[in-house]
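Below: one structure, written as structure tokens.
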Amino acid sequence: MSPSTLMRWFNTKFESTLCVISLVVMSCCVFLQVILRYVFHQSAPWAEELAIYGMVFSVYFGTALAVTEKSHVRILNLVQLFPRKIAVGLIVAGDAVWCAFNIFMVVHGVDYVGLLWDTHFISPSLGIEQRWPQAVVPFCFALMTFRILQFYYRWLRTGTCELTCDLPGDEPVR
Numbered sequence: 002m003s004p005s006t007l008m009r010w011f012n013t014k015f016e017s018t019l020c021v022i023s024l025v026v027m028s029c030c031v032f033l034q035v036i037l038r039y040v041f042h043q044s045a046p047w048a049e050e051l052a053i054y055g056m057v058f059s060v061y062f063g064t065a066l067a068v069t070e071k072s073h074v075r076i077l078n079l080v081q082l083f084p085r086k087i088a089v090g091l092i093v094a095g096d097a098v099w100c101a102f103n104i105f106m107v108v109h110g111v112d113y114v115g116l117l118w119d120t121h122f123i124s125p126s127l128g129i130e131q132r133w134p135q136a137v138v139p140f141c142f143a144l145m146t147f148r149i150l151q152f153y154y155r156w157l158r159t160g161t162c163e164l165t166c167d168l169p170g171d172e173p174v175r
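Those letters in the sequence shown? Residues 2 to 175, by this note's numbering.
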């Protein structure tokens with residue numbers, strides 16, 4: 002696989018691939034648990050834990066996917082009342098606050114995962130170190146920040162901005 006193909010895949014399919022894998026793992030584990038409990042009257046504790054990890058991973062990678070697809074939740078009813086240039090400024094300011102929060106979460110998430118490196122905290126059923134599944138939190142917040150900055154980089158480079166809402170005037174922002 003060439004570097005350009007790998008970068009194209011990263012820019013278009015990375016989050017969706019990991020989100021789908023996480024959802025499939027979660028669904029299969031939950032299905033297995035239902036069959037084991039109601040048909041065989043047994044349970045597999047590892048399946049419950051793996052399903053939880055799958056759900057958590059799908060949530061965090063899903064938020065990064067929503068940023069990539071520009072389909073994240075925004076409350077823009079008030080913003081849409083302003084003229085387009087002011088509305089765009091408010092959205093940019095909101096994204097700046099969002100990036101600041103993401104950076105805050107990355108810093109504190111890395112600190113937390115760093116604490117897990119110093120302690121021996123193993124999951125009860127799967128027996129894996131908790132530093133690995135917990136690392137998804139700072140990683141995905143960093144990924145969201147990267148995707149937001151990537152959006153603004155494309156805006157500055159091409160001169161057009163595709164915002165996620167209908168603002169007064171349909172022309173692209175330059």
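We put the beta carbon where it would ideally sit given N, CA and C, even for glycine.
If you're wondering where the values come from, they're calculated on a predicted model, not measured in any experiment.
When rounded, the separation of the alpha-carbon atoms in GLY63 and PRO139 is 14 Å. Per the Cβ contact rule, the region 60-77 is in contact with the region 16-24 (3 or more Cβ pairs under 8 Å). Membership of PRO134 in the alpha helix (DSSP H) is indicated by the continuous run 132-135. CA-CA distance, TYR153 to ILE92, rounds to 12 Å. In this structure, the straight-line span from the alpha carbon of LEU51 to that of VAL26 is close to 8 Å. When rounded, the separation of the alpha-carbon atoms in SER28 and LYS71 is 26 Å. Straight-line spacing of the CA atoms in THR161 and VAL98 works out to 22 Å. DSSP places ILE149 in the helix class (H, G or I) of the three-state scheme. Taking C-beta separations shorter than 7 Å and ignoring five residues to either side along the sequence, the partners of ARG148 in its chain run ALA65, VAL68, THR69, following chain order. One Cα belongs to GLN81, the other to SER44, and the distance between them is close to 52 Å. By the criterion of at least three beta-carbon pairs nearer than 8 Å, the region 111-123 is in contact with the region 132-146.
Burial check for MET145: the Cβ neighbour count within 10 Å reaches 16 or more, so the residue is buried. For PHE41 and PHE32, the gap between their C-alpha atoms comes out near 13 Å.
Of the residues assessed, ALA48 falls on the buried side of the cut-off, its CB having 16 or more other CB atoms within 10 angstroms. For ILE76, the three-state secondary structure derived from DSSP is coil. DSSP, reduced to helix, strand and coil, places ILE36 within a helical segment of the structure shown.
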